[in-house]
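Undergrad:
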Amino acid sequence: MDDKTLVKTLDFQLDVQSDNEGLLYDATLEARRVYNETIRLAKEGVDWDSISRHLEDDADLVKNTVQRIVAKALGAMENYLEYDDFGRPSHTKDDPYPLRANYEEGYTLSLTDDSDVAFRISAKPYKHVRGVLKGSDAHLDLLKTALTCDEWKVTTSETLWRDGNPELHINIRNTERTVRDKQDSRTVVGMDVNEDNVALTALSKDGVEDTLVIDFPEIKFERHRYFTVRKRVQNAGKESIHDTLEGREERFVRDCLHKVSRQIVKWSQQFERPCIVFEDLKELRDSIDYGTQMNRRLHHLPFRALQFYTSYKASFEGVPTAWIDPAYTSQRCPMCGHTERANRNKKRFKCRGCEHQDHSDRGASVNIAVKGVKKHQDWNVPALNSLPVVRKVRRQASGAVDAPTVTHPTVRGSLADGRSGVSN
Ligand SMILES: [Zn+2]
Numbered sequence: 154m155d156d157k158t159l160v161k162t163l164d165f166q167l168d169v170q171s172d173n174e175g176l177l178y179d180a181t182l183e184a185r186r187v188y189n190e191t192i193r194l195a196k197e198g199v200d201w202d203s204i205s206r207h208l209e210d211d212a213d214l215v216k217n218t219v220q221r222i223v224a225k226a227l228g229a230m231e232n233y234l235e236y237d238d239f240g241r242p243s244h245t246k247d248d249p250y251p252l253r254a255n256y257e258e259g260y261t262l263s264l265t266d267d268s269d270v271a272f273r274i275s276a277k278p279y280k281h282v283r284g285v286l287k288g289s290d291a292h293l294d295l296l297k298t299a300l301t302c303d304e305w306k307v308t309t310s311e312t313l314w315r316d317g318n319p320e321l322h323i324n325i326r327n328t329e330r331t332v333r334d335k336q337d338s339r340t341v342v343g344m345d346v347n348e349d350n351v352a353l354t355a356l357s358k359d360g361v362e363d364t365l366v367i368d369f370p371e372i373k374f375e376r377h378r379y380f381t382v383r384k385r386v387q388n389a390g391k392e393s394i395h396d397t398l399e400g401r402e403e404r405f406v407r408d409c410l411h412k413v414s415r416q417i418v419k420w421s422q423q424f425e426r427p428c429i430v431f432e433d434l435k436e437l438r439d440s441i442d443y444g445t446q447m448n449r450r451l452h453h454l455p456f457r458a459l460q461f462y463t464s465y466k467a468s469f470e471g472v473p474t475a476w477i478d479p480a481y482t483s484q485r486c487p488m489c490g491h492t493e494r495a496n497r498n499k500k501r502f503k504c505r506g507c508e509h510q511d512h513s514d515r516g517a518s519v520n521i522a523v524k525g526v527k528k529h530q531d532w533n534v535p536a537l538n539s540l541p542v543v544r545k546v547r548r549q550a551s552g553a554v555d556a557p558t559v560t561h562p563t564v565r566g567s568l569a570d571g572r573s574g575v576s577n
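If you want the numbering used here, it's the 1-based position in the sequence shown plus 153.
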């Protein structure tokens with residue numbers, strides 16, 4: 154089947170001086186003009202091969218950037234002419250257009266002594282914008298790896314505006330590995346990420362193969378603890394201690410998440426041709442309310458980070474990943490399809506439709522796997538008449554994982570063991 158070269162896009166904010174922001178902005182407007190001109194000339198029937206040469210002389214951008222924008226615009230025209238699936242490209246828009254560039258032609262990167270990543274973007278001929286990249290640890294880690302090892306190559310980038318701030322999106326490519334096509338999977342692993350655990354369910358044509366719940370209460374505990382300590386320090390006006398604490402907490406959480414994600418991928422690989430499926434949690438996260446301040450902290454981690462680390466490590470093993478819409482994944486009964494609202498305060502799901510009771514995060518992971526099969530696979534979701542026991546393991550702060558500690562049989566229509574060991 155169609156294996157894909159492993160490419161990742163990493164997103165960063167650009168920390169630039171304010172006078173340079175104007176230069177960047179002008180360049181993205183000039184990029185829009187080049188895009189518009191390309192489309193206009195192509196519509197007029199000008200020979201496509203001559204458009205780039207014509208605009209390179211005329212545009213106030215570096216040559217490589219003009220070439221990349223012309224190629225992108227002609228790609229849009231070609232798509233329109235061949236498939237007519239995105240509508241006829243417009244040549245009259247006036248918003249900024251991303252500055253596209255090849256690595257070491259339109260932009261360069263380097264590691265600084267403080268182990269930051271410095272950038273230099275050729276916004277215009279002989280006019281460079283310099284500064285340091287800001288972004289999540291996960292993306293910075295990967296970029297640094299790409300800059301220092303042979304296995305990864307930094308390739309193209311786009312400079313663009315998001316909410317009025319400049320960003321640099323950088324593509325990196327693995328030179329050795331490929332990822333299996335996600336539509337060619339025999340097992341779909343649904344992954345439900347929560348504040349203190351992740352639930353995984355492997356679903357194949359034959360039904361649910363297995364469920365694993367990895368608890369990581371230390372992460373929740375540490376984050377709440379550091380939040381409280383930080384708050385106190387902050388109130389005392391000691392900003393530098395505050396920053397140190399923040400770094401320490403984030404390192405701790407990041408290390409835990411690295412270990413958990415490694416385990417997720419390893420577990421998934423025991424099944425035939427796995428594809429790991431995540432839910433896009435934006436809406437879900439917005440519905441959690443711990444108060445504004447706490448929300449801001451919790452929203453950062455660990456959801457996205459765990460998904461990102463897992464997706465990265467999975468691709469590294471050639472395992473594809475996919476995304477699904479999170480609507481109702483935690484309220485829907487995986488057995489009968491009944492939707493149970495506001496019944497998920499505890500770790501127990503009880504269906505008023507069919508009496509099915511289960512670990513609620515397992516239920517969510519089953520639903521995610523089901524959605525993953527429907528969206529990406531050409532085989533049918535099997536009837537789910539029974540679910541295997543939930544195995545629970547606990548991620549220790551030291552990094553070791555206990556042997557399964559609690560098993561939890563699920564019997565439809567009745568609860569085999571009233572305790573079941575899964576209550577909080
Ligand atoms: Zn039900």
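The beta carbon of each residue, even a glycine, is placed where N, CA and C say it ideally should be.
1. Name the two residues that bound the continuous alpha helix (DSSP H) containing Lys-210.
2. In the structure shown, what three-state DSSP assignment does Gly-360 receive?
3. If you reduce the DSSP assignment to three classes, tell me which class Pro-319 lands in.
4. By DSSP's criteria, Arg-273 is part of a beta bridge. Which residues make up the other side?
5. Between Gly-516 and ligand 1, is there a pair consisting of the residue's CB and a ligand heavy atom that are separated by less than 7 Å?
6. Can we say the region 246 to 256 touches the region 174 to 187, given the rule of at least three CB pairs closer than 8 Å?
7. Quick check on DSSP: helix, strand or coil for Asp-172?
8. Thinking C-alpha only, which one of Gln-416, Thr-482 and Asp-168 is nearest Asp-269?
9. Would the region 321 to 331 count as touching the region 501 to 521 if we require 3 or more Cβ pairs under 8 Å?
10. Pull up the distance between the alpha-carbon of Trp-228 and that of Val-219, whole angstroms please.
11. In the DSSP assignment, the alpha helix (DSSP H) including Asp-514 goes from what residue to what residue?
12. Does DSSP classify Arg-401 as helix, strand or coil?
13. Here's a check: name, in chain order, each residue in its chain whose Cβ is nearer than 8 Å to the Cβ of Pro-242, leaving out the five neighbours to either side.
14. Quick test of your reading: Ala-458 and Leu-410, contact by CB under 8 Å. State the CB separation rounded to the nearest angstrom.
15. From what residue to what residue does the alpha helix (DSSP H) around Glu-235 run?
16. Specify whether the region 340 to 359 and the region 518 to 526 touch according to this definition: at least 3 beta carbon pairs, one from each stretch, less than 8 Å apart.
17. Can you tell me the Cβ-Cβ gap for Leu-208 and Glu-190, rounded? I've got them flagged as a contact below 8 Å.
18. Out of Arg-253, His-244 and Lys-297, which one is the CA nearest neighbour of Trp-314?
19. Whole angstroms is fine: what's the gap from Arg-547's alpha carbon to Gln-422's?
20. Would you give the residue range spanned by the beta strand (DSSP E) that Leu-146 belongs to?
21. Taking the continuous beta strand (DSSP E) assigned at Thr-492, which residues delimit it?
22. With a threshold of 16 other CB atoms inside 10 Å of the CB of Asp-473, please say whether the residue is buried or exposed.
23. For Val-575, count neighbouring C-beta atoms within 10 Å of its own C-beta (all shown protein chains included) and say buried if the count is 16 or more, exposed if not.
24. Looking at the structure shown, is Thr-245 part of a helix, part of a strand, or coil, going by DSSP?
25. From Ala-224 to Arg-206, what distance separates their C-alpha atoms?
26. Assuming the contact rule is C-beta atoms closer than 8 Å, Arg-326 and Thr-308 should be a hit. Round their C-beta distance to whole Å, please.
27. According to DSSP, simplified to helix, strand and coil, what is His-561?
28. Tell me, to the nearest whole angstrom, how far the beta carbon of Gly-360 is from that of Leu-537; I am working on the premise that it is less than 8 Å.
29. Using the C-alpha atoms, what's the distance from Val-526 back to Asp-514?
30. Is His-509 near ligand 1, with its Cβ less than 7 Å from a heavy atom?
31. Does DSSP put Pro-370 in a helix, a strand or coil?
32. Leu-159: which of Val-406, Asn-350 and Lys-335 sits nearest, CA to CA?
TA: With the structure as the only source:
1. According to the sequence shown, residue 210 is Asp rather than Lys. Looking at the DSSP string, the run of the alpha helix (DSSP H) that includes Asp-210 is 201 to 211.
2. strand
3. strand
4. Thr-261 and Arg-283
5. no
6. yes
7. helix
8. Nearest option by C-alpha distance: Asp-168.
9. no
10. The question names Trp, yet the displayed sequence has Gly at residue 228. Distance between the alpha carbons of Gly-228 and Val-219: 14 Å.
11. First-last of the alpha helix (DSSP H) with Asp-514: 513 to 529.
12. helix
13. Ile-192, Ala-226, Ala-229, Met-230 and Tyr-233
14. Contact annotation, Ala-458 with Leu-410: C-beta distance approximately 5 Å; criterion of less than 8 Å satisfied.
15. 216 to 236
16. yes
17. 6 Å
18. Arg-253
19. 20 Å
20. This structure cannot settle anything about residue 146, because the visible part of the chain is limited to 154 through 577.
21. No beta strand (DSSP E) contains Thr-492, which DSSP labels as neither H nor E.
22. For the sequence presented, residue 473 should be read as Pro rather than Asp. Buried, by the Cβ-count rule.
23. Only weak support is given to the placement of Val-575: the predicted model assigns it a pLDDT of 34, under 50, and the value that follows is read from those uncertain coordinates. By the neighbour-count rule (16 or more Cβ atoms within 10 Å), Val-575 is buried.
24. Judged by DSSP in its simplified three-state form, Thr-245 adopts coil rather than helix or strand.
25. 12 Å
26. 5 Å
27. Note that His-561 scores 41 on pLDDT, short of 50, meaning its location in the model is unreliable; the coordinates nonetheless yield the value given after this. In the structure shown, the three-state DSSP call for His-561 is strand.
28. 6 Å
29. 19 Å
30. yes
31. helix
32. Lys-335
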